[in-house]
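J.: Residue 49 is where the sequence shown starts when you use the numbering used here, and the numbers rise one by one after that. There's a structure below that I have some questions on.
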Amino acid sequence: MRSANGPAPGAWDVPVGSERSGSISPVAILKQYARHWPLFALGLGLALVLAAVFLAVTTPKYTVTSKLLIRGIDRGPDFSASNPAFKDLDIFNATTSIENETEALKSRFLLRQVLTELSLNASYFAEGTWRKEELYGPEVPIRVVVRTLAPAAAKHPIAVHLKDANTFEIEDEEAGRSTHRYGQEVKKPYGRFTVLSAGAAVPASSNRTVLVQLHSLPTLAEDYSHDLTVEPVNKKAAVVEIILLEAVPAKGTAIVNKLIEVYNRENKADRNALAENTIRFIDSRLLALSGELTDVEKKVETFKSQNAVTNVTQEAAIYGEEAKNVNKQLADVTIQLDVLESLQRYLTRPGSKTSLAPSNLGLQDQTLLALLAKFNELQLERDRMLRTTQPDNPLVVNIDEQLSDLRGNILENLRTIKTGLSLTRSTLEARSGQFDANTRQVPTIERKLQSINRQQGVKQGIYLYLLQKREEAALSLAATGSNTRVLDPALISKKPVKPSKPIVYLLAVLAGLLLPLAFVSAKGLLSDAVETRAAVAQRSAVPVAGQVGRLRPGQLLPVAEDAGSPQAEAYHYLRADVLAALAGGPAQVLLLTAGQANEGQTVVALNLAASLGQVGKRVAVVNFNLRTPHLGKYLAANNAAGVSNYLNGPGGPSAPLMNSSSLGPNVQWMDAGPLAPNPTGLMASGRAQELLAGLKPQFDHILVLTAPVGQVADALSLAPLVDACLYVVRLGHARAAHLDVATGLAAGGQFRRVFLVLNDGLA
């Protein structure tokens, strides 16, 4: 119940109506957690300290970014626009795919090339206050040149102690310390390397220590591939952004710049290799055709000289127009067959197994062109791998097997195409023979001359065609340039991006609050302790007479010792609430008990007595707790004669057993006295009734303290002698079963009236 003056200051309550509704308000839940504020403060402080330590020991990483414009290969003017003959040359019509170039930039092959050229198979560190600081560039006083390195070298960090300008000591986990000279090869089970003095000379006397971590380049390339991101800026622009996470900004800048350089170099080398191989093939064919063409021209010259032939006769002109188309087709077929035979001879010669196949000879069969393109792609991949691996490497052997299969497929395709073209040529020759039959009336000399001229035309056509292709390939080789343009050079972020201080501290704050929250919640779920007034109302129908809040540490009697404090005011409100609750009946003798020890019934009784005394009420506090008497320690008095003396005595007045107290002139008290062997039997005797009857004329209110009724039955022996029972429940300490005890007392009728007093203070 509540007093007319409103809620007590410092009393932790819940809104009206929540006591019996069975629901817990958000305010009550908040108060429940607020009771554990020291735990939250400790968790938050510890989390922030751990976050600060984590940031101190973790090496920060910066982002190094660069933007590249991916474009078509830059070869100068657009020759294909001005000359359609250039359109059938693959090199001039090459297109660039953003996705392909993105994957190429991220390839581990390029990363290994970059790491090799930058000599990053050794990292250098100096011991810092919280962590090892990596050194790079001019900061490094030495340079380690690795000769051979085992894969397990990463497990063997070494310390190089610089002694003077000529010598140093190496310390590792297995061999301990050993002294060496600069430039001397060091042999270890995990590798061989040489330590050189880098930059300025090492001082004559130096005690500096440099920590060296050796790396396997394939493993290091794998690690960097996880920290490297290459992605298009947007879908409409042919621009990619390179992003690298690196702890040392200067090192990250060098890696990104070298990556772009190696990428452009490899791209240009691939295109040049294809053009150079095409030129070599065409040169060999031109040399052979030059001799054949010379022989045919001499044959024409000899024939005309011997037969005095100068002009075509009128008879040959009759069928010339019809024979022209057939001869043209026959010449095209012959050219195709000659090119196919040349390609077949090229692929079957001994040196062709490791050479690129010509792919831009004007062949019309798409299947053959696709096979040649795949063959050249595998040849280029094999050449790149042989730069860093041995021919017996399984990957190289696998490519060799694929090249062998492709060469067989290409040769089989060539044979099939040649068979078809041979049939076509036979048909065309037959038709040409028909025209020859129609020209029987033409002199034999003219027919022979036409045959010779036809051979000359075929040879000359092949020669001119190959000559044109050679010029195109040479032009492509001369005009090969970079297919990228650097839009933004490598830029370093001003602040570290990993770990992010705001995120780390935010996570620390969340963890510092959520972990205690989870602990308190789990504790509440696993414990049956009653935490709030709403929980009390939900568990028990016994009315609540009042509630007081938590006392400050060391504060026991605020009503008498700190009258103006909020805690004292809370007990004044409790006094008003209790009197209002008892207004419907007698309220002179009030028994205070609890379900277990340390519920605070003694503190509640003394402060309630002091508050009653301050409004002019004469109050007696009588301690019937004959098992664990400790009322005297609250009043700074010894447990001398008291209730047990009276109950064991022959009778007489009770006044001599009463003591004055520091609670005020209107408050007196009687302690339990010496421990009694049979407390329940003593209180059930008539002496207890005589004691209370003797006190009633002298006092307005008698507050009777007993042992916890939830543990012993002493309080039930006094039930007929008291007007009401104030059952003290300490929130967060009392169990749900103790509320059931109060409910049983109210329902069983042992006491006239039973009220709950909620306590959140010290016991």
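Virtual Cβ for every residue (Gly too), placed ideally from N, Cα, C.
In the structure shown, what three-state DSSP assignment does residue 325 receive?
T.: Looking at residue 325 - three-state DSSP - the assignment turns out to be helix.
J.: With a Cβ-Cβ cutoff of 8 angstroms, do residue 347 and residue 500 count as a contact?
T.: Yes. Within cutoff.
J.: Sort 691, 629 and 735 by Cα distance to residue 772 and report the nearest one.
T.: Among 691, 629 and 735, the Cα nearest to that of residue 772 belongs to 629.
J.: Can you tell me whether residue 212 is helix, strand or coil according to DSSP?
T.: Reduced to three states, the DSSP call for residue 212 is coil.
J.: Taking residue 625 as part of the alpha helix (DSSP H), name the residues at either end of that continuous run.
T.: That run of the alpha helix (DSSP H) goes 614-629.
J.: Rounded to the nearest angstrom, what separates residue 230 and residue 246 at their Cα positions?
T.: Distance between the alpha carbons of residue 230 and residue 246 is about 10 angstroms.
J.: Could you please give me the residues that DSSP links to residue 405 through a beta bridge?
T.: Residue 405 is not bridged to any residue.
J.: So, at 8 angstroms on beta carbons, what are the nonlocal neighbours of residue 102 in its own chain, with the 5 sequence-adjacent residues on each side left out?
T.: 547 and 552, listed in sequence order.
J.: Just the Cα atoms here: how many angstroms apart are residue 726 and residue 649?
T.: Answer to the nearest angstrom: the Cα atoms are 22 angstroms apart.
J.: Tell me which residue opens and which closes the alpha helix (DSSP H) that residue 274 is part of.
T.: 265-275 is the extent of the alpha helix (DSSP H) around residue 274.
J.: Roughly how many angstroms separate the alpha carbons of residue 393 and residue 338, rounded to a whole number?
T.: Distance between the alpha carbons of residue 393 and residue 338: 18 angstroms.
J.: For residue 9, name the three-state secondary structure that DSSP assigns.
T.: The requested residue 9 is not part of the displayed model; the chain covers only 49 to 811.
J.: Starting from residue 89, follow the alpha helix (DSSP H) in both directions and report where the run begins and ends.
T.: Residue 89 -> alpha helix (DSSP H) spans 85-105.
J.: Between 695, 199 and 290, which lies nearest to residue 308 when the distance is taken from Cα to Cα?
T.: Among 695, 199 and 290, the Cα nearest to that of residue 308 is on 290.
J.: Could you have a look at residue 183 and say whether DSSP puts it in helix, strand or coil?
T.: In the structure shown, residue 183 sits in a strand (DSSP, three-state: E or B).
J.: Provide the residue span of the alpha helix (DSSP H) that contains residue 794, from first to last.
T.: Segment 784-796, the alpha helix (DSSP H) holding residue 794.
J.: Have a look at the DSSP bridge pairing and note the partners of residue 146.
T.: None, per the DSSP bridge assignment.
J.: Taking the CB atoms as reference points, tell me whether residue 577 and residue 781 lie closer together than 8 angstroms.
T.: Yes; because the gap between Cβ atoms is below 8 angstroms, this pair is in contact.
J.: From this set, 557, 116, 270 and 465, which residue's C-alpha is nearest residue 94's C-alpha?
T.: Closest option to residue 94, Cα to Cα, is 557.
J.: So, is residue 320 buried or exposed, given that buried needs 16 or more other C-beta atoms within 10 angstroms?
T.: Residue 320 is exposed by the Cβ-count criterion.
J.: Closest to residue 187 by C-alpha separation, out of 799, 193 and 173, would be which residue?
T.: For residue 187, the nearest C-alpha among the options comes from 173.
J.: Which term fits residue 111, buried or exposed, when burial requires 16 or more other beta carbons within 10 angstroms of its beta carbon?
T.: So residue 111 counts as buried.
J.: What do you get for residue 149, buried or exposed, if any count of 16 or more other CB atoms within 10 angstroms of its CB means buried?
T.: Residue 149 should be labelled buried.
J.: Can you grab the Cα-Cα spacing for the pair residue 604 / residue 566, in whole Å?
T.: Distance between the alpha carbons of residue 604 and residue 566: 32 angstroms.
J.: Let me know the secondary structure DSSP gives residue 684 once reduced to three states.
T.: Correct three-state label for residue 684: coil.
J.: Can you tell me the Cα-Cα spacing of residue 157 and residue 238, whole angstroms?
T.: Rounded to the nearest angstrom, the two C-alpha atoms are 24 angstroms apart.
J.: Does DSSP put residue 122 in a helix, in a strand, or in coil?
T.: With a pLDDT of 40 at residue 122, under the threshold of 50, the modelled position of this residue cannot be trusted; read the value that follows with caution. In the structure shown, residue 122 sits in coil (DSSP, three-state: anything other than H, G, I, E or B).
J.: Among 325, 644 and 545, which residue has its Cα nearest to the Cα of residue 395?
T.: Closest by alpha carbon: 325.
J.: For residue 283, tell me which candidate among 311, 146, 639 and 695 has the shortest Cα-Cα distance.
T.: The shortest C-alpha separation from residue 283 is found at 146.
J.: Compare the Cα-Cα distances from residue 167 to each of 153, 176, 185 and 177 and report the closest residue.
T.: When each option's Cα is compared against that of residue 167, the closest is 185.
J.: In chain order, which continuous runs of the alpha helix (DSSP H) of length 4 or greater are located wholly inside the region 436-486?
T.: List check, alpha helix (DSSP H) in window: 442-486.
J.: Please determine, among 787, 411, 312 and 451, the residue with the shortest C-alpha to C-alpha distance to residue 465.
T.: Of the candidates 787, 411, 312 and 451, the one whose C-alpha sits nearest the C-alpha of residue 465 is 411.
J.: Which residue wins for smallest C-alpha separation from residue 655, given the options 621, 170 and 444?
T.: Nearest of 621, 170 and 444 to residue 655, Cα basis: 621.
J.: Let me confirm a value: residue 756 is counted as buried when at least 16 other C-beta atoms fall within 10 Å, else exposed. Which label applies?
T.: Its Cβ being crowded by 16 or more others within 10 Å, residue 756 is buried.
J.: Use the C-beta contact count for residue 664: other C-beta atoms within 10 angstroms, 16 or more gives buried, fewer gives exposed.
T.: Answer is exposed; the Cβ neighbour count stays below 16.
J.: Using CA coordinates, which residue listed in 659, 644 and 636 is at the minimum distance from residue 746?
T.: When each option's Cα is compared against that of residue 746, the closest is 636.
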